[in-house]
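Here's the structure, in structure tokens; my notes come after.
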Amino acid sequence: MSLARTLPLRIEPVPGEALDSWLEAIASRHGVRFGDVLHQCGITSTGPGGWIRLLGRDAIARIAHVTGLSPYDVDAMALPRNPGAPTSTSTCLARVLPSGPWDWRANSRYCPHCLNDTGGRWKLIWRMNWTFACLTHKCLLADECPACRCDQRRIAHSMTSVPGLGQCRGVRQRNQTGALRACDTHLASMRPIDLSDSPAFLDAQQQVMETILAAPPDAPRDHHGPAAELATLRVLVRWVAKTIDYAQLDPHDVLASCGPGHLNLMALIAGSADRNAAAETAASTAIALTILNARNVAEASQIWRDLMIAATHGRIRRLTESDQNALIPFIRSAYRSAYIDANAQHKLRRRFSTSAAKHQLLRPEGGSGRLTR
């Protein structure tokens, strides 16, 4: 591989920064177009998915040479990908999570306070579906721009302009000439949802992070280790997210067994016309952890049964065989017991409702002996 020309200025990444954010910071500091930096680094893809996740050994080596960083530092800013690249020794949370269709997001969440503190630099963990809260600033992460409602970093920055760090890339509206106008809202100015009074969500985020760090990609997948616990939590969160309609269910009914700490955010979700993905992930994770953290099978089964009954519209959502097999043993036993009990109660309710309707239909009206129609 021929050596490319190095950049004149060395820009250090901030702790936990994503590769695309760092390359934008390099372009901004040099005052050059973003596409020029990508070209110098040998990056030909115009989409962030191709160069934040699918980089090979040679690509990482070239970026490291051009920017003055080590290959390991560059690797630490990219998502897990194909096995041909060097293995980073970084303990960055986002680097130790196995790559899966549910774990990573096509766009990025963000903490406005963190953007303000770092001058508009984006963390890699914000691209994780598991990340919904900032533990430093005790707030919910944002999903979109408050001005144009566009989600963030789904597409790469314009190749022909100097990046504006921490600014929205969405299109807000057309100007008077009919041309598209960039939003360019400074996202650090957004006021996020404060979670200081909702410790259950912060505790849930902390537990998720600790579980991921304890379950690296090469960890043995037995039925009792951190990797198995993470797989179980993934199944639980997905089940809760698919089962509970936060906009229509009374949070007090659904979360009665989960503690009052959940209700503040749940009430906000239910009362909002806009979908808040981070809030729903936070609520689903906190609920799922009440099952996973149960002291025994009976307690876990009772919590899951109550959720099944409270959240059911029509029939109870059943786990696939694959999802059941992914559960750790005591949670699998709790699920089977909860499903049997909830299904029996659901059938009993339907039978009672049908009988009551028939009784109402056939009841004599005012003692006259005539049947109501």
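In the numbering used here, the protein residues as written are 11 to 383.
No residue lacks a Cβ here, since even glycine has one placed at the ideal position from N, Cα and C.
As the structure is a prediction and not an experimental result, all values here were calculated from the model.
Selected residue, minimal CA-CA separation from residue i, among the options
i, options, result
"L79", "S38, H123 and P18", "P18"
"L145", "A288, S206 and Y82", "S206"
"Y349", "A336, R131 and L317", "L317"
"Y120", "D113, D161 and A88", "D161"
"L151", "C124, W314 and A304", "C124"
"V307", "N335, P339, A321 and L329", "P339"
"A192", "S38, R325, A238 and A157", "A157"
"P173", "A336, T330 and L33", "L33"
"P202", "H147, D83 and A37", "H147"
"P236", "V245, R244 and I222", "I222"
"L337", "D255, S311, L212 and V245", "V245"
"D113", "H234, N335, V218 and E331", "V218"
"D255", "A224, A238 and A287", "A287"
"S55", "A166, H40 and R159", "A166"
Cβ-heavy atom distance, residue i to the ligand NAD, below 8 Å
i, result
"D213", "This structure simply doesn't include the ligand NAD, nor any ligand for that matter."
Residues near residue i by beta carbon distance below 8 Å, same chain, minus five either side
i, result
"Q215", "T141, F142, A143, L145, A292 and T295"
"V247", "T291, S294, T295 and A298"
For residue j and residue i, believed in contact at Cβ under 8 Å, the rounded distance
i, j, result
"C51", "R72", "6 Å"
Residues near residue i by beta carbon distance below 6 Å, same chain, minus five either side
i, result
"V24", "T128 and R131"
"R115", "R137 and N139"
"R327", "T253"
"V42", "none"
"T225", "Per the sequence shown, the amino acid found at residue 225 is Ala instead of Thr. Excluding residues within five positions, the ones whose Cβ falls inside 6 Å are P236, A237 and L240."
"A198", "P122, L125, N126 and G176"
Spatial distance of residue i from residue j (CA atoms)
i, j, result
"E309", "D204", "31 Å"
"C155", "C178", "7 Å"
"D333", "T242", "8 Å"
"H10", "N126", "Any answer about residue 10 is impossible in this case: the structure gives the chain only from 11 up to 383."
"L89", "G26", "12 Å"
"V250", "P122", "28 Å"
"R342", "A289", "27 Å"
"R346", "L240", "20 Å"
"R325", "P81", "52 Å"
"S208", "S311", "25 Å"
"L212", "C149", "8 Å"
"S100", "E220", "Interpretation of S100 is limited by its pLDDT of 46, a score under 50 that renders its predicted location unreliable; no figure is taken from the coordinates."
"A74", "T330", "45 Å"
"D83", "A344", "44 Å"
Element boundaries [beta strand (DSSP E), containing residue i]
i, result
"A192", "L190 to A192"
Start-to-end residues for the alpha helix (DSSP H) that takes in residue i
i, result
"E290", "A287 to L302"
"L212", "P209 to L223"
"G130", "Looking at the DSSP string, G130 is not in any alpha helix (DSSP H), and its letter there is neither H nor E."
"Y82", "P81 to D85"
"R67", "R67 to T77"
"K252", "P236 to T253"
"A166", "Looking at the DSSP string, A166 is not in any alpha helix (DSSP H), and its letter there is neither H nor E."
"E34", "L29 to H40"
"H49", "F44 to Q50"
"A336", "E331 to A336"
"S311", "V307 to A321"
Beta-carbon contacts of residue i that lie in its chain and below 7 Å, excluding the five residues immediately before and after
i, result
"Q355", "I319"
"G45", "M169 and T170"
"A35", "I21, R131 and L175"
"I313", "S267, T300, I301 and A304"
"R315", "A348, D351 and A352"
"V76", "A14, T16, L17, Q50 and C51"
"A28", "I62, M87, W132, K133, L134 and R137"
"S118", "W132, W136, R137, Q162 and R163"
"A283", "No answer about A283 holds up, because its pLDDT of 43 lies below 50 and its placement is not dependable."
"V47", "L33, I36 and A37"
"D385", "Residue numbering for the chain in the displayed model covers 11 to 383; residue 385 lies beyond these limits and cannot be assessed."
"R159", "none"
"R39", "L19 and I21"
"D194", "G174, Q177 and C178"
"H234", "I338"
"M200", "P122, A152 and P156"
Short CB-CB distance (under 9 Å) between residue i and chain C
i, result
"L302", "Of the protein chains in the structure, only one exists, and it is not chain C."
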